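Numbering (the numbering used here), first residue to last: 153 to 225.
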């Protein structure tokens, strides 16, 4: 089971890198945003208000999932 999840993680990373490279050549106006999760604590960054809002919502969902996972175990 863990080998499948590890493989899926690598596949998602490579798809992300491929998409970033693909879109970096086609557009000059680049909007960035992202989340770095350290345990339940998010670090949110970006240069577009809508992407930061999406990152905040996603980080809240991830924090709730993390905390619920800790309570269930």
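Beta carbons: idealized from backbone N, C-alpha and C, even for Gly. In this text, all values refer to a predicted model and were calculated from it rather than measured experimentally.
### Task
Could you tell me the distance, in whole angstroms, from the CA atom of residue 190 to the CA atom of residue 168?
20 Å
### Query
Tell me the DSSP bridge mates of residue 194?
189
### Query
Would you call the segment 210 to 220 and the segment 177 to 197 in contact, with 3 or more CB pairs under 8 Å?
yes
#### Entry: Pairwise C-alpha distance: residue 211 and residue 156
25 Å
### Query
Roughly how far, in whole angstroms, is the beta-carbon of residue 105 from the beta-carbon of residue 197, given that I think they are within contact range, below 8 Å?
Outside the shown range of the chain, which is 153 to 225, sits residue 105, and nothing can be said about it.
### Task
Measuring alpha carbon to alpha carbon, tell me which of 174, 223, 154, 183 ends up nearest residue 204.
183
### Task
For residue 200, I'd like the list of residues in its chain whose CB is within less than 8 Å of its CB, leaving aside the five on either flank, ordered along the chain.
183, 184, 185
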